Structure formats: C-alpha cells, structure tokens
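A short worksheet on the structure shown next.
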Amino acid sequence: MAYKVDVDEADVAVLNQNLIKSKALFESINQSLTKISKKSQAAHTTIKPVLGQVNKLTAAKKEVEGGLDLLSEVSQSASQINNFENALNNNIEVVGLMKYVNTLNQSQELYNRIKPKFKQFKGILYNFQSVIERSELKVQNYIDTVLNLETNKMMDKKHEVKVIFEYFNQQGKDQHIVNKYVEKRGNKAIQSMKLAEHKLQPTNIEGPYEKGTKGYNQFTDATDNVLKEEVLVLKQCSLPPELIAQISEYAIREYNQVMQSLATRLSTSLGASNDNYLILLEIIDNLLRVDYQLKHRYVVKSTSFSKIFDQFIAIGSSIFPNCIRSIESQFQHIIQFNDSTTFGATSNSMIQAKKMAEFKQPLLQLIQTRKPGDWISESPPLQYIAVFNSIIINTTFDDKSPEFLLSSYFADIIDCVMINIEIGLKKPHGEHAMKKSTQGFILLRNLFIAEQIINRSQDLFHMLGSNGQERINKLKNRFLKLFLEDWSYASYIIIERMTLIATQAGSGSVNPNTSIGTGGGQATNLSNKEREQVKELFKKFNDSFEEALTNYRALDFGDSNLKSFLGNEVKKMILNAYFKLYDKYGNSDFTKNRSKYVRWDKLQFERLLNEKL
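If you're matching positions, the sequence shown starts at 1 in UniProt numbering and goes up one per residue.
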C-alpha cells in the first residue's frame, strides 16, 4: 500500500532537518572561531613586546637622525659664526661702517634663530653673544666718535652718518638716535663756545671802552658760526633741518649765561661810567643780531633768550635820562668857563653822542620804552631847561615815531651842552662880566665843534635829521645875536641916527632943496645942525666899527670855515647899513674935511671887510 505524505508537513520536515544541520554547522564554526580567538590572543600577547621595541627603535632612529641634522646645522652655523666673528673683531674703519653694521645685523638674526635650538651648546651661544655685545658697544663708541667730530670731518663722513640713522631706524629707535645726535652736537656747540669765551673774555666791562674790542661781537659771531656749521652738517648729511631748533638750545643756553653775567654787573654799575652806556648798547646790538638770526635764519623761537633780551631792554631804558644828566654834570663841574674849558667838555659830550649814535638799532629799540621828552622831565629838573630849549612846537614830524624820538633826544643833548655853556659864560668872573660878543663867539665856536663832529658821523647826522638841523639853527641864531652885538651896535648907530636926523628935520621948517632921511638919494643943503649930526653919526659909527673890528680880529677862530661863516654874517649885517649911510651922506656937504669922517667909500669898505674878516 502506498504511503501518503501531506505537502505542508513535508516542507516542515525538510526545514527542520536543514535547521538542525545549520545549527550543527554554526556550532562548529563558533568552536573554530573560539580556537582562532584563543590563538590570536596568544599571538597578540607574544607580539606586543616586540612592537614596543620596534616603536622604541623607530623613535631612537628619529632622535639620532634629528641629532645628526642638529650637528650638521651646528656645524654650518659655527662656520657662519666664525665668519661673522672674524668680521666683527676687525676695526670698523677697516671694514666700513655699512658693512660692519650689516654683519652685526646678520649676526643678531643668526643668534636669535639658533638660540632656541642650541640650548645644549651653551659655549657657542655665550661666545657668540659676547662678540655681538662687544660689537654693539664698538658701534656705539664709533657713532659717538663720528657725532663728536669737527664740522668738516663730520661732513667727510656724511654717508656714515646716514648709515648711523638707518641703523637705529631699522631697530625702531628713531627717537633714540635723534636724541643722541642732538645731545652730541649740542655739547659740541657748548665746547666750541666755551673755547671762544675763554679766549675772548666777553664778560669783561673794565677798562677804557673802544667799540668792538671787548669781545661781545666776536662771541656773538662765534655763536652764529657754531649754529651755521650745524645747519651745514644737517644739510650735507641729509638730516631733518628742524633739528637745529633743539641743537641751538645748547648754544643759546651757553650764550645766555654770558649775557646774564653782564646783565647782573651792568644793572648795578650802569651809571658808574659813560663807557658803560656804550657797553650796554653794544651788548643789545649783539642781542638784536642773535634775535634776528634765530627768527629769520634758523627759524627758532627761544623763550630763554627772549627773557635775557627783555632784561637788557629794561636795564637800557634808563640810558636816556642818565646820559643827558651825566653830560650836564660835566659842565656843572667847570669852575671857569672860557675857550679851553668849554671846548674840551663839548668835544667829550658830542663824541659820547657820536659813539651812542653808532648803535642805531639798539637805540630805536630802547627809545620805544620812553615817552616824548620824558628823559628831560624827571626830577630834579635839568638846569638848562629853565633857560632855553630849541624844541620846535607844532612840528609836522611824527612826534611818536622812534626815529623822531631819537632825533629829539640828540637835539636835547646839544641843547644841554650849549645852554649850560651859555649859563656858565654869563656868570661873573672877576670884576667884569664877559662881553656878550665874546660869549656869543665862544658859544658859536662850541656849536661849530659840535657840528663838525655831527657832520663827520653819518650815524649821528642822519639820526638828527631835518628836525635836529632846525633845532641846531635855532641855537645858532640865538648865539649869533650875542656874537654880533658889537656889529649890531655899529649898524644901530647908522639906522638910529639917520632916523633921528630925518625926524628932527621933518618936525621943523624944511628947505625944499634939502634931501634928508634914511632913504632917497644924497642929502644936500644940510642945515648946520644937520651937518653936526652927520659928523657925529660918522664919528660914532667909525669908533664902534673899529672897536668891533678890533675885537673881531682878536678872536681865535681856530678854523677857516668858522671864520668865513662869521665874517659873512658880519657883512650881511653891516654892509647894507653902511652903504645906506654912504649913499646918503658920503658925498654930501656936511663938512669941508670929508676924509676925517668918511674914511671909506663903498668899494673900500667892502674890500676892508673882505680883508679883515
């Protein structure tokens, strides 16, 4: 009988069998993997120490290779270091500053590069560092030497100066080298000025004064030369020109010390000598020069110098009243006024004025601190002011300008000299007072001496200007009146007597054929009274004329120009008066003995004056 199987059951059975087989297979594989795992674990345990050794050997190999590379680099660096050391141990002059500085820079770069790597090679690093430090010091000393050189020698090394600045600029030390340069050149300037000061002795104010001999001008020149040289160095070395402002402060500080010493001495002894006024003016003249140079040549503003300058202006403003008072004092010490005593005092006073006028710019600066005429208005009042002054009122000049004030000041000095002489001459000496004509002559001769000094001094002449000349003429006219008194009297006799004759004739009965008076033609048909009056007129005129001429001839003119001037003034006064007299009565019928009264005709009279005056 056939066995009948259900299909679904058959599939399940087959599936179960297969699962059983698969299970058995997986168990077998698992057992194999377990064995493999055990064997792998055993192998790992065996191989791990070996790998550690291999890794150690690999690391050691790398260290050895690194060490060999380091030794190779050390060897190469040592060779470079040796080359650098050889160069740096040489003299900078031999190597040249630029090459030396470049080598030093390269050495510093190499040192900075190898320092972290060559820690175990301390000997190499220490020695290299020492060489670099010594070389840096050598460069610093060399730079100091160059910056301390004289101007010409420094300009010969202008390329090295440029290298020096670049060397510090590369290190970011721009301000450091600027400060160093300023300090070195500033101290060099002080050194030069101290040498000049030692040689010139510019603080000396003792002894007789002569312009330009005290050392003030030369010391200012030395200061200016120092600054000019420093400007030239800056230009030649292509350095910033504005550095002169800082360098100049060193020179100015030294200059100020000398000036301060002078200011201290003059502030307490200014009036001790007239020379001190001139010394002060010369110093201020130098200060003005320095002030101008600082502002316009070097474009430098120095507060310390301005203070010194202002100090001298304050001291100097007293020159004007002090000087004119010292001049008046000279005349007040004259015991007896005459030619010899007055001429010397006038010359001294005018020479003092002339010397002062040589300092126009200082005077213009100082006079601005004064008001018009305040130098003669201080107490006690000047003696001459109460007698006369030549000041011109309602002048067209700018009476506030410094130039006009100076003109007025020097004109006041001339007033002071001349009017003090006039006061002295009027004082009685002995039994009789001095004749006015003699006073006038002495005054005019003194004024002529003053004018000669003025005309020989372009400074004083231009300083007085037209205002001063007008005032001199005013004095001259005043003194001419005194001098011409004798001649005025002779001329007065003619005018007065001729007028008297004409007046008397006009008051009585007049002969129609008579010509009388001071004008008109020749007098004729004179009455007996008129004849006597004319005789008396000629007699008095002749006497006064001859006396005046005798007095004139006795004068010691001392100068042909003065004599010519005064002679012309006499002629202007007497000639026309006599011509009128002669024209009226010279050929009239007032006498039979005409030569007794009429001693000269017009031509003879003029010739006489030309010969005798």
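All C-beta atoms in this analysis are idealised placements derived from N, C-alpha and C, irrespective of residue type, glycine included. All of these numbers come straight from a predicted model, not from anything done at the bench.
Note on geometry: alpha-carbon atoms of GLU166 and GLU160 lie some 10 Å from one another.
LEU97 and LEU88 have their C-alpha atoms roughly 11 Å apart. The beta carbon of GLN522 is closer than 7 Å to those of SER515, ASP583, LYS584, ASN587 and SER588 in its chain, skipping five residues each way along the sequence. Contact check for ILE494 against LYS580 passes: the beta carbons are separated by less than 8 Å. Distance between GLU485 and GLN533, taken at the CA atoms: about 24 Å.
Distance between ILE413 and HIS176, taken at the CA atoms: about 60 Å. Counting the other CB atoms within 10 Å of its CB gives THR438 a total of 16 or more, which places it among the buried residues. Annotated as proximal: ALA490 and SER544, with beta-carbon spacing under 8 Å. In this structure the segment 280-297 does not lie against the segment 333-349, because fewer than three pairs of beta carbons, one per stretch, are closer than 8 Å. Within the same chain, and ignoring the five residues on either side of ARG531 in sequence, the residues whose Cβ sits closer than 8 Å to its Cβ are ASP589, PHE590 and THR591. Restricting attention to alpha helix (DSSP H) runs no shorter than 4 residues, the segment 442-528 encloses them at 458-483 and 485-507, ordered along the chain. Residue burial annotation: VAL226 is buried, with at least 16 other C-beta atoms found within 10 angstroms of its C-beta. Excluding residues up to 5 positions away in sequence, VAL131 lie with their Cβ nearer than 7 Å to the Cβ of GLU85 in the same chain.
For PHE128, the CB contacts under 7 Å within the same chain, skipping 5 residues up- and downstream, are ILE81 and TYR111 in chain order.
ASN169 counts as exposed, since fewer than 16 other C-beta atoms from the protein chains shown sit within 10 angstroms of its C-beta.
The count of Cβ pairs closer than 8 Å, one atom from the segment 376-391 and one from the segment 318-330, reaches three, so the stretches are in contact.
Taking 8 Å as the upper bound for CB-CB distance, GLU358 and LYS214 are not in contact here, some 14 Å apart. DSSP assignment within the segment 160-226 yields no whole beta strand (DSSP E) run of 3 residues or more.
Between the alpha carbons of HIS296 and THR223 lies a gap of roughly 15 Å. In this structure, ASN446 and PHE557 do not form a Cβ contact; the two beta carbons are roughly 13 Å apart against a cut-off of 8 Å. In the three-state scheme derived from DSSP, where H, G and I count as helix and E and B as strand, ARG531 is classed as helix. ASP412 sits in a helix when the DSSP states are folded into three classes. Its chain contains ILE324, ARG325, GLU328, ILE376 and CYS416 as the residues whose beta carbon lies nearer than 8 Å to that of LEU382, once the 5 sequence neighbours on both sides are disregarded; these appear in chain order.
LEU603 counts as exposed, since fewer than 16 other beta carbons sit within 10 angstroms of its beta carbon. ILE453 sits close to LYS354, with the two beta carbons spaced by under 8 Å. Residues THR151 of the same chain have their beta carbon placed closer than 8 Å to that of GLU229, with the five preceding and five following residues left out of the count.
Distance from LEU464 to ALA411 at the Cβ level is roughly 6 Å; contact confirmed, criterion being Cβ atoms closer than 8 Å. Cβ-Cβ separation between PRO362 and SER408: approximately 17 Å, too far for a contact (criterion under 8 Å). In this chain, SER302 is not harboured by any alpha helix (DSSP H), its DSSP state being neither H nor E.
Sorting VAL146, LEU280 and VAL258 by C-alpha distance to the C-alpha of ILE315 places LEU280 at the top. Boundaries of the alpha helix (DSSP H) harbouring CYS323: 319-332, taken from the DSSP string.
Residue range 122-147 is occupied by the alpha helix (DSSP H) that includes SER130.
Counting the other Cβ atoms within 10 Å of the Cβ of GLU611 gives fewer than 16, which makes it exposed. A distance of 8 Å or more separates the beta carbons of ARG265 and SER317.
The alpha helix (DSSP H) runs lying completely inside the segment 353-401 and spanning 4 residues or more are 360-367, given in chain order.
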